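Let me begin by presenting the structure, written as structure tokens, before commenting on it.
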Amino acid sequence: MSAGIPVQYFLILATVMFFAGVYGFLTRRNLITILMSVELILNSVNINFLAFNRYLYPHKMEGMFFSIFVIAVAACEAAVAIAIIINIYRRFTTINVEDVNEMKF
Amino acid sequence: MDILSLFVVIPVLTITAILFLKDMKQVRVVSAIGMGVQLVLAAVLIYMYLTARHSGNTDEMLFVKDYIWYKSLNIHYAIGVDGISVAMIGLTSIVVIAGIFASWEVEYLRREFFISLILLATGVFGFFISIDLFTMFLFYELAVIPMYLLIGIWGTGPKEYSAMKLTLMLMGGSALLLLGLLGIYFNSAPGGGQLTFNILEISKITIPIAAQRIFFPLTFVGFGVLGALFPFHTWSPDGHASAPTAVSMLHAGVLMKLGGYGAFRVAIFLMPEAAKELSWIFIILTATSVVYGAFGAIVQKDLKYINAYSSVSHCGLVLFAILMMNKTAMNGAVLQMISHGLMTALFFALIGMIYGRTHTRLISEMGGLMKVIPFLSVCYVIAGLASLGLPGLSGFVAEMTIFVGAFQHPEPFYRGVTILAVSSIVITAVYILRVVAILLLGPTTNDHFTHLPDAKWYEKISVVTLIGAVAAIGLAPLWLSNMIGISLQPIVTKILAITPF
Amino acid sequence: MTNFGYTIWIPLLPFLMFLLLGLAGNKLKAKLSGLLGTAGLAVITILSYFTAYKYFFGGENAEEGFQKIQAFNTVWLNLTDKLHIDLGILLDPISVMMLVVITTVSLMVHIYSLGYMKGEKGFERFFAFLSLFSFSMLGLVVATNIFQMYIFWELVGVSSFLLIGFYYTKPSAVRASKKAFIVTRFADLGFLIGILILSFNTKTFDFITLTDPSGPAFSQSTSAAFMGLSVMTWSMIFIFMGGVGKSAMFPFHVWLPDAMEGPTPVSALIHAATMVVAGVYLVARMFPIFSLTAPVALHVVAYVGAFSSLFAAIIACTQTDIKRVLAYSTMSQIGYMMLALGVSGYGGHEGLGYMASMFHLFTHAMFKALLFLGAGAIIHAVHSNDMTDMGGLRKYLPITHMTFLIACLTIAGIPPLSGFFSKDEILAAALHSNKLLFAVEYLVAGLTAFYMFRLYFSIFWGKDTHYHHTPHEAPFTMTIPLMILAVGSIVTGFIPFNELVTSDGKPFESELELMVAIPSVLVALFGIGFAYLLYFKTNGLPDKVAGFFKYGYKWAYNKFYIDEVYIFVTKQVIFRYISTPIAWFDRHVVDATMNLIASTTQNVSFRIRDFQSGQIQKYAFVFITGAVMLAILFIYFLN
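Chains as they are written, first to last, in my numbering: chain U, 1 to 105; chain D, 1001 to 1501; chain Y, 2001 to 2639.
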């Protein structure tokens, strides 16, 4: 199936995605984009799991299952995060993280 | 259940009962009952103590109980009392019950108020019965913490500021104290063996002098902060001024005594060599407290400030006498703690009641109250006379014991300082009479004050209890003085062993 | 020895009366509480007379003189192993004599007050305070040890405070009471220090041990010296300081004239007859120690007494408030007593001065109480204290007039009234010891006669003042005490004090010395004559005399500005230059230091709080940077 593609390609893709996610997480001020960046990081990890599973232990399924878990947890997390973001928006009419500092001394 | 643990258990039970009460009106009744039981218990304890001593029991501490509760550090719940602690417990229970009646009309968050108040009392009682340094420290902190809430929530004026200042300064003292206590703990077995926090066991060994030189000042200053040692006394005027009536009463009446008692029981008793060596420094500081506090009180305008400075002066005398390190002076110190506790509680109670009527504490705005509220005014005069050391009231007994005791010191320097401290009796008379003259006597100056109601029944209970105690000690001091004196004997013996007078 | 155990009731009964009237007084009828107080005092007066009779004429003391009897003693407070404060009853000639004086005058004042204070607000309070005073004063004189004396010393101080400030709504009375308390308190500080020094050196408070010539006080007399004087001298000087305050000697006399703000019966009892002689009594009580171990201190006593008597007599000549004139006269007479003690020796005829002092104390109590009560009757009738408002009162107040005249003659020292005898003994004692002091006392004797008759003539003779309503004689409750005291003033001079009250308890021979007596009577007559010239009829002479002395008169009229000095010391020095700076220092230095520590901590935390901005992204950046750096570290450097 993927015999012709070397594992490095997957890893490069994952690394690019991971650092794109990190960069986005650090620089973006919009909560939605921060959330998206986090998803990006999670997905880059998923790719790594799948790639290593396929290339190192082709007869086992742990990597696959782990990815499915991560996807499920990410979905929950996104739901909770978006719920919080919506509430924040209702409260402050903004989702810029720097403007949400009511609890800060 | 032994009798001493009851002193901690009953307040805790009272607090639990208050938590489950539905009706707010019952809160104060339940508190009064709980603390009334405590008062009876204190009377029983005094009786039991005297009977035990009478029947020839010469143990240093009576009713000793010991339970280990933290094995790896050898921390015990060890309790026991001697004549001094018994006297202090008696004082505490009288002041607490008077405080409960003085705060009968607290409206705002009544349940929480009484819980905090009784929690504070729990800490104080626990402190006096403990003979394990760590447990003692635990109760000490327990007594200090509710003070923040009580002043910060129910206080008047710049209450957050005062509460913060008071708590931080006392915590600073606690930090020094904890260092000192740990220092004692780690030096409690100089010859090897199990380290211990138990006072009785530590008192049997001699802590190395090098360690004493470090840890004596830490412990003494740590307790001294609470005992209003100059220059760490400034929490006292602000704290008292902002605190609600009952809290001022408990704080000045009882909590400040924790400082004196601790300095005596821990610092001097366990480290007499260093105390002997360094006493001259602290003698100067405490003598300064005595005179300085009295002069400071002369020009104050706020009743509570006057009393706070007067407390600095009187509590300074306690530490001063302890440092003289002879039996008479120490006896006087304990008497002074009790006497000052009662009469300053009386003062603060009366000030609170007067403030509740006139809504001002500035003496310049009041005048001629004797005609309007004779009961409270007469009581104020009695408190004033007790404070300036009139024979027949407790202040005289305590002060004279201190002065005579301090003057027996063999070194002329100490006798000279004693004369300086004695001169405070004149300054005390000046500020007391100044207040009495401006506040109570003369024509009634302010028209708003011509129809103030005199004391209500619960206020009378509060005040009469305290006056009764002050007069009882003043008229017949012998039994109390002897009870304390006998308990001082082991301490004096220990001191005499190092410095034969 | 005869059983004197019952004497415990002499001080105890007034105390119980005080508690009764003080606690339940407002529930009793005013009149009932007054009568109760008076009845209680009458009982102890009888007890005291009985005690005096039994003690002096019981017949058991004939040979070896009068002994000190400890009728009752109980430990009140243990101090050190040796020092303990006792409460007890010590009977010896002077304490028994004082019991008689106090109860007599106090009873007279009680009866008098029933009339004088009638209808006053706080009638029962007045009697409660009087009982408290009687209790304290009796406790003071029967003290078995010096600390008991100090206890009651303070208690008489406070009863004096309460009674001076009896009219507590009157600002001047409040001021006077405060002043009296604080000035005497300052003197008591000296007393207390004296006790401390004395007890430190002798290890006892007990009078019997202290005054025993083989006791510890005497073995100490040559020990450690400080600034050239022995320890005993210092302690005696300090103890005497207490006496100076209570007896209103210079320089602590300022409270006494102001104390006249109190009700007049109080002035008679406390500030004339009993409490103010406590200082004299103190010195007499400690006399063997003064005389045998601290002669320097005794000289101080003599000079303070002499100076005060002259000083007060001069001021008394210029004052117009009758009670103040009497107050200065009291001060002057107490100066006499102090002087007599100061020039006295110990034992036998040497102790003439001691005997004379006690004698004068006794007679003075009678005639000075009489003068004050008479003044009270006058004030009661005229409603004024100022003698310029009075004149020609002899027609309206015949009884008062007669008794007042007797008192004036007595104090002036006209024979055969009691003042003559006692003053003569004092002068004789002074003559044998110190000629300078003797001369001063002669001068004072003349001045005394002058100012007393100045008072007498201005009130009862002189101009016929027109009164708003006709003055009328006081009710019999007031006049009976006057008459009793007048009789007392006449007859007490014949009591043989030299056989009863002497320095060592043994009687000695004493005769009237004509060389002293005749000139002193002449001086007194001269003073009276001068007063007659000036004040018998209204004329311009007094103003001329005053103009002649001009500055001297002004100084004396303003009491030599001693009050101003006191005000300067208290208001300026203590308030402005000590207390205010201390209060400022406390707020702005000590407290500010604490606040500085707090604010420094706060500032530092504000500075470093940017490290914790609360922004997750910053934290994440740091975290990731760290993670990357760690990764680099592990991959490239730590392999």
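All C-beta atoms in this analysis are idealised placements derived from N, C-alpha and C, irrespective of residue type, glycine included. Remember, predicted model here, so these are calculated numbers, not experimental data.
Residue i and residue j closer than 9 Å at C-beta
i, j, result
"Phe1137 of chain D", "Leu1176 of chain D", "no"
"Met2275 of chain Y", "Ala2187 of chain Y", "no"
"Ile2164 of chain Y", "Ala2143 of chain Y", "no"
"Leu1346 of chain D", "Asp1454 of chain D", "no"
"Leu1170 of chain D", "Ile1015 of chain D", "no"
"Leu2361 of chain Y", "Met2149 of chain Y", "no"
"Ala1437 of chain D", "Arg2175 of chain Y", "yes"
"Phe49 of chain U", "Ser37 of chain U", "no"
"Ala2524 of chain Y", "Thr2477 of chain Y", "no"
"Val2300 of chain Y", "Gly2345 of chain Y", "no"
"Leu1200 of chain D", "Ile1131 of chain D", "yes"
"Asn1074 of chain D", "Gln1194 of chain D", "yes"
"Pro2263 of chain Y", "Phe2404 of chain Y", "no"
"Leu1150 of chain D", "Leu1117 of chain D", "yes"
"Gly957 of chain D", "Leu1142 of chain D", "Past the edges of chain D, shown from 1001 to 1501, lies residue 957 of chain D, and the structure says nothing about it."
"His1076 of chain D", "Asn1187 of chain D", "no"
N- and C-terminal bounds of the beta strand (DSSP E) containing residue i
i, result
"Ala2071 of chain Y", "Ile2069 to Asn2078"
"Ile2102 of chain Y", "Not the beta strand (DSSP E): Ile2102 of chain Y falls in the alpha helix (DSSP H), residues Pro2093 to Tyr2116."
Those residues which DSSP pairs with residue i across a bridge
i, result
"Lys1065 of chain D", "D:Ile1079"
"Val2088 of chain Y", "The question names Val, but residue 2088 of chain Y is Gly in the sequence shown. DSSP output for Gly2088 of chain Y lists Y:Asn2073 as bridge partner(s)."
"Leu1362 of chain D", "D:Asp1302"
"Asp2386 of chain Y", "Y:Asp2321"
"Tyr2456 of chain Y", "BP columns for Tyr2456 of chain Y are empty, so no partner."
"Tyr1070 of chain D", "D:Ile1075"
"Ser1487 of chain D", "Answer is none; Ser1487 of chain D lacks a bridge partner."
"Asp2206 of chain Y", "Y:Asn2145"
"Ser1130 of chain D", "D:Ile1079"
Terminal residues of the alpha helix (DSSP H) in which residue i lies
i, result
"Leu2292 of chain Y", "Phe2287 to Thr2293"
"Tyr2467 of chain Y", "From DSSP, Tyr2467 of chain Y is part of no alpha helix (DSSP H); its letter is neither H nor E."
"Val2043 of chain Y", "Ala2030 to Phe2057"
"Phe2191 of chain Y", "Pro2171 to Thr2202"
"Ser1103 of chain D", "Careful: Ser1103 of chain D lies outside any alpha helix (DSSP H) and carries neither H nor E."
"His2253 of chain Y", "Counting along the chain, His2253 of chain Y falls outside any alpha helix (DSSP H), and DSSP gives it neither H nor E."
"Leu1150 of chain D", "Leu1133 to Trp1154"
"Ile82 of chain U", "Glu62 to Phe92"
"Trp2640 of chain Y", "Look at the range of chain Y in this structure, 2001 to 2639, and you will see that residue 2640 of chain Y is not part of it."
"Gln1038 of chain D", "Met1024 to His1054"
"Lys1460 of chain D", "Trp1457 to Leu1475"
"Asn53 of chain U", "Leu31 to Leu56"
"Lys1371 of chain D", "Leu1369 to Val1372"
*Assess, as a yes-or-no matter, whether the region 1287-1306 of chain D is touched by the region 1250-1261 of chain D under the definition of 3 or more beta carbon pairs within less than 8 Å.*
Result no; under three Cβ-Cβ pairs closer than 8 Å.
*If we count Cβ pairs, one from each stretch, closer than 8 Å, do we get three or more for the region 1269-1282 of chain D versus the region 1358-1366 of chain D?*
No: the two stretches stay apart, fewer than three of their Cβ pairs being nearer than 8 Å.
*Three or more C-beta pairs below 8 Å linking the region 2227-2236 of chain Y and the region 2109-2120 of chain Y*: With a cut-off of 8 Å, the region 2109-2120 of chain Y and the region 2227-2236 of chain Y do not count as touching, because too few Cβ pairs lie within range.
*Specify whether the region 2231-2240 of chain Y and the region 2186-2201 of chain Y touch according to this definition: at least 3 beta carbon pairs, one from each stretch, less than 8 Å apart.*
Because the criterion of three Cβ pairs below 8 Å is met, the region 2231-2240 of chain Y and the region 2186-2201 of chain Y touch.
*asked:* Ignoring anything shorter than 4 residues, give me the alpha helix (DSSP H) runs that lie fully in the region 2585-2618 of chain Y, in order along the chain.
replied: Segments of the alpha helix (DSSP H) lying fully in the region 2585-2618 of chain Y: 2591-2608.
*At least 3 beta-carbon pairs within less than 8 Å: the region 2376-2387 of chain Y vs the region 2318-2328 of chain Y*: Yes, since at least three Cβ pairs between the region 2376-2387 of chain Y and the region 2318-2328 of chain Y fall closer than 8 Å, the two stretches touch.
*Is the region 2491-2501 of chain Y in contact with the region 2391-2399 of chain Y, if contact means three or more CB pairs nearer than 8 Å?*
Because the criterion of three Cβ pairs below 8 Å is not met, the region 2491-2501 of chain Y and the region 2391-2399 of chain Y do not touch.
*When the Cβ atoms of the region 1311-1324 of chain D are set against those of the region 2591-2599 of chain Y, are three or more pairs found closer than 8 Å?*
No, they do not touch.
*Runs of alpha helix (DSSP H) wholly within the region 1149-1220 of chain D (minimum 4 residues, chain order)*: For the region 1149-1220 of chain D, whole alpha helix (DSSP H) runs of length 4 or above, ordered along the chain, are 1159-1186 and 1199-1204.
_What ranges does the alpha helix (DSSP H) occupy inside the region 1271-1323 of chain D, keeping only unbroken runs of at least 4 residues that lie completely in it?_
Counting only runs of 4 or more, we get 1272-1298.
*Do three or more CB pairs link the region 2123-2134 of chain Y to the region 2022-2040 of chain Y at distances below 8 Å?*
Segments in contact, yes.
*Give a yes or no on contact between the region 1082-1096 of chain D and the region 1331-1341 of chain D, applying the rule of three or more CB pairs nearer than 8 Å.*
Flag = yes, the region 1082-1096 of chain D and the region 1331-1341 of chain D touch.
*Which ranges does the alpha helix (DSSP H) cover as unbroken runs of at least 4 residues, wholly within the region 2390-2466 of chain Y, from first to last along the chain?*
Taken in chain order, the unbroken stretches of alpha helix (DSSP H) that lie wholly in the region 2390-2466 of chain Y and span 4 residues or more are 2398-2412, 2418-2433 and 2435-2460.
_Contact between the region 1106-1117 of chain D and the region 1348-1364 of chain D (3+ Cβ pairs under 8 Å)_ = Between the region 1106-1117 of chain D and the region 1348-1364 of chain D there are fewer than three C-beta pairs closer than 8 Å, too few to call the two in contact.
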